[in-house]
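Note sheet for the following structure.
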Amino acid sequence: MESGTSLPSPWTAVWVSLIPVALLLGLTVISYSFAPEGTNHNVLFLALIPGFAVVTYVLMLRSLRAFDLRLRTVLPGALVFFVARSEALQHGLADLTGEPVALGQFVGVSADAEGLLFWSGKNKGLPITVVDWTELRAVSIGGTPIDMSEHMALVSIVRQLGWNKLGYFGVPAITLDLHRGGENVSLPLALYSARTGYPASRTDFALTVTSFLHLRAEA
Numbered sequence: 019m020e021s022g023t024s025l026p027s028p029w030t031a032v033w034v035s036l037i038p039v040a041l042l043l044g045l046t047v048i049s050y051s052f053a054p055e056g057t058n059h060n061v062l063f064l065a066l067i068p069g070f071a072v073v074t075y076v077l078m079l080r081s082l083r084a085f086d087l088r089l090r091t092v093l094p095g096a097l098v099f100f101v102a103r104s105e106a107l108q109h110g111l112a113d114l115t116g117e118p119v120a121l122g123q124f125v126g127v128s129a130d131a132e133g134l135l136f137w138s139g140k141n142k143g144l145p146i147t148v149v150d151w152t153e154l155r156a157v158s159i160g161g162t163p164i165d166m167s168e169h170m171a172l173v174s175i176v177r178q179l180g181w182n183k184l185g186y187f188g189v190p191a192i193t194l195d196l197h198r199g200g201e202n203v204s205l206p207l208a209l210y211s212a213r214t215g216y217p218a219s220r221t222d223f224a225l226t227v228t229s230f231l232h233l234r235a236e237a
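For the sequence shown, position 130 (counting from the first letter as 1) is numbered 148 according to the working numbering, and the numbering increases by one without interruption.
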């Protein structure tokens, strides 16, 4: 497992993916400009929300799948999975690195016989940190709360309309208890599917956990 492996730039795919956003914005401007006199613009805006949510979801999914493909290309044979960004995970990674970390919407995790690498598209394609198997003291399986407004545009929009408590869910997670430099660090890893952009199914979660525990046992 190489800690300095860089990833190809994804910017070409990102810019191409922004085309639907530009089209949606243009449609919104046209709709407001040419709407008949007396049109309720609030109703018009609400009518555009589903389209906005769909476009946002498609862009998120394209980005996540591209992230998955890059990691699997650079790290052939490694176990690769993705977890949702959360405040607890961000704090835990900051404790491991000794400095603040910038995380994207999802964090990539790769595991092989040597240990774990944590990846974010916001740090120039280099790993956030490397974890040796000897630093992993315990693994627990359970759930962790995730703010879905960070991962679903429609939840964020609905909250703006007054439903502030909507969108907090428990997601199946692997929690890693690590020991580094005399400090104990906990990393809750809420698994998400690169195919759907939603929390991993029970089957996918079980397969990932089984592979992860097998790698740890063999290390």
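In this text, a Cβ means the ideal position worked out from N, Cα and C, and glycines have one as well.
Just so we're clear, the structure is a prediction, and the values are computed from it rather than from any experiment.
Residue i versus residue j: straight-line alpha-carbon distance, rounded
{"i": "G122", "j": "G139", "result": "6 Å"}
{"i": "P145", "j": "H197", "result": "19 Å"}
{"i": "A302", "j": "F99", "result": "No answer is possible for residue 302: it lies beyond the span of the chain, which begins at 19 and ends at 237."}
{"i": "T193", "j": "V73", "result": "32 Å"}
{"i": "S174", "j": "V119", "result": "Any reading at S174 must be qualified, since the residue scores a pLDDT of 48, below 50, and its modelled position is unreliable; the value itself is stated next. Rounded to the nearest angstrom, the two C-alpha atoms are 24 Å apart."}
{"i": "L207", "j": "F230", "result": "12 Å"}
{"i": "V92", "j": "L77", "result": "23 Å"}
Residue i - DSSP class collapsed to helix/strand/coil
{"i": "S128", "result": "strand"}
{"i": "G110", "result": "helix"}
{"i": "E236", "result": "helix"}
{"i": "W29", "result": "Residue confidence for W29 is low, a pLDDT of 42 falling below 50, so the modelled location carries little weight; the figure read from the coordinates is stated next. Three-state result, W29: helix."}
{"i": "E117", "result": "coil"}
{"i": "F230", "result": "helix"}
Sheet register partners of residue i (DSSP bridge)
{"i": "P206", "result": "T193"}
{"i": "A156", "result": "D195"}
{"i": "E201", "result": "R198"}
{"i": "T162", "result": "V189"}
First and last residue of the uninterrupted beta strand (DSSP E) at residue i
{"i": "P145", "result": "145-150"}
{"i": "G133", "result": "133-137"}
{"i": "A212", "result": "That residue, A212, is in no beta strand (DSSP E); it is neither H nor E in DSSP."}
{"i": "L97", "result": "97-102"}
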